[in-house]
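Chains as they are written, first to last, in this note's numbering: chain A, 9 to 367; chain B, 9 to 367; chain C, 9 to 367; chain D, 9 to 367.
Working notes, beginning with the structure itself.
Printed below as a string of structure tokens:
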């Protein structure tokens, strides 16, 4: 029973079936010259209600550093959060894919970059000063690494500011589906309509074996993409096996259905935990990520009961990161809540829950 | 009916089954902390009869440029053939993965680098001259891009020379299985026993969806590999789906069985074509690649009959590159030969075949 | 009358004479195969009381990024201050010279990195975690960008900590001479004896036309330096013109004599300004940099009187950065103090001065 | 008596005087904000008869790789000769400055790239094929590494072809002055009027201490230059010392006067050697480089007489590379010829000379 991450899951049955179907054709031309890959442009253009360029890759890292490489000259910088993957979790991938550009870490609130902070950072980084890294892009993560969601308005404010300074707006959407499902909005509303230029559209965490799409809203900006993907070793010869996953993923709203389940499982989990007096939730989750402070007894009880999740903290504080996924079994959620309750002091929460926002 | 490349195939049934099995476990820890990935070291060490370091990646390009990045400082060069993938087919991947090292193209014979040519190149590239790119590695492709096979002795001669000059020996083994099958040797015989330091062990062309293993024979040399793979975006979160393919691939000799079939299909094809007087074979293939000169009539006849293959040449000469694979249907081979014969002049070859070696 | 920076100066007469002498020889072999360059190793080894490797370059940036490139793998990071040149003033030079390693900015006190902050940063950057930039080096600036000096003990504490974590210790010594002069120590005391591995030994700000020396205390570490300098375009064909400057610079203690003058001029300036009640000095300078808060009237008065210096601040606060140099005329210092006094309120400071330490 | 290279010389008296004058001003603002640097745009625009962007740097390598970095994306290639400095003499400088683009070596005639060879190379390198390095620039060396000169027509033919394929045309003009002097043309005739986009305008070999100018004929193309130069560590704080050299160099035609002397000295040398029967000249030089085959006796005689020059060849053939410079003493030339004659067989050449063109 694993609440460690949505990347510990396998593939959804529909995705597995699509892969098997793609494998039933004995031959397909390589490197994207196959019907599955060729069909993606139409499907993603429909999904985003405008003509877009779309490119399958197999990992989230590849998706966002290839996307960023379209925006960053070697002397440029991309503003991001200290908690973002491009800053803290991919070694020096941004540097490698851009020939030496710099990710610049800013502080966030709830894992979100706010416009005043961006404004301050732009000013500090001295545009047009030839001694300074030149602000060239801003990258935000939707949903945030702390489970919060940028509203269309928040994105628009950031993007407007970015554009005034000629920054390209990039969105790391490893959990984009969870955001669209939670906001119940159209994909366009939190991307190009709000000012996003390049999106990493995640599939892996939400039911694919390993498939992400780089979506570039202004097709002209993507002119060099194929050369960049090739030199990065991310052009699959049997690309139909990536594209078939993405094709099934966006078919008939599967991606949103899967994300809605993940989000619902998280609500069920949070509602359960909120009633346990010893547990402090950092926020009431709308998507599929939750951080919660657990007393030692509950911590040990859950581990003993066989639950896996990440421990953030140290000897002095204990925070569990809990993640649900497209495949989370409601019975597992209930068992988790029950195990937490059993390990706790038995007191019921007076107030229904505690909101904290530590990050 | 596709003889264009072994990369137009799908996955072998055993590999597809292994993937499905890996997907039947609801959860596995990410980034390689799963039983499939953890088991690879033992399995590959057994396969190669010594303790090796092994790392799954999803593409051949990633496999060999990550491998090369272990050997090349930013001021170094890797000797390779002009026909090699690392020189001519991956844009500037070598440069990207090494921070600016240089692939240096040498002429080959039958797609193979020969020791005297390597000796000449090392001398010309002025080791220890601080104005010159420093020779740091040599990369050879087994089987060669023209379908020929390096013998253990040929590899040993190259490697001995390389080591005298402190060059790391790298083997691009996208079709390594076809070579081992054709030579009927042990994998060690054409790798570390002959002096190879780093191997790209290919799976994709021979029955995997997309899986290759970087095998490093001296484990100490691999110390930085995981950082390098991470920054390249080639560390899969659901890595078990790569590792499960590789696991099944090397299980009970599947990889060699698949390769033997591909090689046998090529022999059948070559034997058939060799009896057609208008066709010139460049060599009598032992592995699964063949180049053959076709007169216009046969060319058009084959295309009309629905066969796909690559055309190398121009208005003045026509060479077909023909590739068989693990999944090639012998009936398709026979149909190909029959279609060629039907489209030809009808004359039987007097001599059973023509050997040429153009490349 | 320029107090903006020591880089607005020309060359000291002794350096100019040395250049002229080097030019009086009609020919010298290029790229360092000349007697001036060849003689540097002995002279710098004597200066530092151990055998060192030494390499002339023409700019401070080149000196420290070439030095750092010896210490940083492409997946590594170097800890430095946000105020350091390698972080904030050279665009993405560190990234360029290392193939994509990352400068990581830490907060400092008085422009100095302190050991507890370094310890915290090392822990946070997760050594051996393959998702994280790997701590590989620490770079400190002596004297600091805010005019403070690391004591031998402070350096030793940092270096001891660094070495426990296998970090290379780099010192940006653009104003190294001013530190040695102020501390009245031996060059070895604040370099290798305290644990420094690589030093940028600055000459340009202290009397050279443009000459810096990269000093590597463990010669084995410098094995690749010449290749790196060559590919960076920093190997001068007429290298004797760099080396002749450095040769004269370290001859008979000229470098320290020049630095002592600069430091003395700064003391004279600070002593004068400290007696003016409206002026707040950030610290009592021991080297040649001073930050001082000036009221508007004094600011305008100094500018009107023809003094040039950098203005740090905004509408709400005004800080002057004042720099003296080897060539500063004491009469100019006195005129500066007099102009400040004249433009001020005329009140004498009750306390002799105000110490602040803003940075 | 050194005929090894024009880079073994010192600085011309006029350049030395200009440097001394620039040093007599006690202060100048740094990084190019000085009157010398600011005046270069006007002077070079006049020299080239159009508005140009011009940037001083200190080495030839820096000049041409910074220039090339304006033209080369990370997935691009620059065609050059195998004998060119950017290919063979600067380790991997091109790769470093471009984030991984590739110099592609082509064969030349007399050290010159010819249009048919370029056409063939462009076709071979598969423009728009996403597996191939994309042709992005062509770089030629004027005068060539073998002492030959591109005529305006030859350049125009190359440039026209280049432009048809959208390649940027770059000229490495380390000895540009010698070419203009020999052709007796206007600088524009062999640069922008013939289609050159970016020029390295060399000063170092022809009388400067170390000063080169990057000249960009379309100013818009140079927009990112200052950021690139800064991150490369080639922005001098005391930039006036570079600019003062360049300023004096182009003043009143000094650069051409110096080059004319160098060329005249070479003619004198070649005329003398041509009369010696045992010596074979590779060509009758118009600029300041000559290759000549010398019998062993003459070789040894010249070395014994104290002459220094580079030996190209091996046990079986001996070619001397002879270079004259702005400072070559005609008496030294005569001594060289006399020493060669004395060491030879004494036979006078029947034909006045032998023309060969080995390279």
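Where is the CB? At the ideal position from N, CA and C, for every residue including glycine.
Residue 111 (chain D) and residue 297 (chain D) have their C-alpha atoms spaced approximately 25 Å apart. For residue 15 (chain D), a Cβ of chain C is located within less than 8 Å of the residue's own Cβ.
If you draw a straight line from the Cα of residue 11 (chain D) to the Cα of residue 316 (chain D), it is about 6 Å long. In this structure, the beta-carbon distance from residue 186 (chain B) to residue 246 (chain A) does not fall below 8 Å. DSSP places residue 179 (chain A) in the uninterrupted beta strand (DSSP E) bounded by 176-181. When secondary structure is reduced to three states using DSSP, residue 296 (chain A) falls in the coil class, being assigned neither helix nor strand. By the rule that beta-carbons nearer than 8 Å mark a contact, residue 234 (chain C) touches chain B. Where residue 220 (chain D) is concerned, the enclosing beta strand (DSSP E) starts and stops at 220-224. With contacts defined as CB atoms closer than 8 Å, residue 348 (chain B) and residue 308 (chain B) fail to qualify as a contacting pair. With 16 or more other Cβ atoms from the protein chains shown falling within 10 Å of its own Cβ, residue 38 (chain A) counts as buried. Cβ contact annotation for residue 36 (chain D) (same chain, cutoff 7 Å, sequence separation greater than five): 42 and 248, in chain order. Inter-residue distance for residue 18 (chain C) and residue 149 (chain A) is about 50 Å (C-alpha atoms, whole angstroms). Residue range 43-56 is occupied by the alpha helix (DSSP H) that includes residue 47 (chain C).
With contacts defined as CB atoms closer than 8 Å, residue 32 (chain A) and residue 92 (chain A) fail to qualify as a contacting pair.
Closer than 7 Å at the C-beta level to chain D, one finds these residues of the region 124-140 of chain A: 138 and 139. Minimum Cα-Cα distance from residue 129 (chain D) among the listed residues D:114, D:118 and D:139 corresponds to D:114. Between the region 234-245 of chain D and the region 194-210 of chain D there are fewer than three inter-stretch CB-CB distances shorter than 8 Å, so the stretches are not counted as touching. In terms of Cα proximity to residue 20 (chain A), the closest of A:207, A:310 and A:218 is A:218.
Legend: CB atoms of the region 79-111 of chain D lying less than 8 Å from CB atoms of chain A belong to residues 81, 82, 83, 106, 107 and 108. For residue 229 (chain C), not one C-beta of chain B is nearer than 8 Å to its own C-beta.
Under the three-state reduction of DSSP output, residue 169 (chain C) falls in the helix class. With a cutoff of 8 Å on beta-carbon distance, residue 162 (chain D) and residue 119 (chain D) are scored as not near each other.
For residue 263 (chain B), no pairing in a beta bridge is given by DSSP. Around the beta-carbon of residue 301 (chain B), 16 or more other beta-carbon atoms lie within 10 Å, marking it buried. Neighbourhood of residue 31 (chain D) in chain C, by CB distance below 8 Å: 18, 19, 24 and 217, in chain order. For residue 201 (chain D), same chain residues with a beta-carbon under 6 Å away, outside a window of 5 residues either side, do not exist. Judged by DSSP in its simplified three-state form, residue 332 (chain C) adopts coil rather than helix or strand. Just measuring C-alpha positions, the residue of D:299, D:240 and D:354 sitting nearest residue 305 (chain D) is D:354.
The region 59-145 of chain C contains, as complete beta strand (DSSP E) runs of 3+ residues, the segments 61-65, 84-89 and 110-114 (chain order).
Contact annotation: in the region 238-249 of chain A, residues whose CB is within less than 9 Å of a CB in chain D are 238, 239 and 243. The region 172-182 of chain B and the region 71-86 of chain B touch, with no fewer than 3 CB-CB distances between them shorter than 8 Å. Annotation: residue 150 (chain A) has no Cβ neighbours in chain D at a cutoff of 9 Å; minimum Cβ distance is about 28 Å. For residue 207 (chain D), the enclosing beta strand (DSSP E) covers residues 206-210. With respect to the 8 Å criterion, residue 71 (chain D) and residue 285 (chain D) are not classified as neighbours on the basis of their beta carbons. Proximity of residue 273 (chain C) to chain D, defined by a Cβ-Cβ separation below 8 Å, is not satisfied.
Bounds of the alpha helix (DSSP H) holding residue 311 (chain D) are 304-312.
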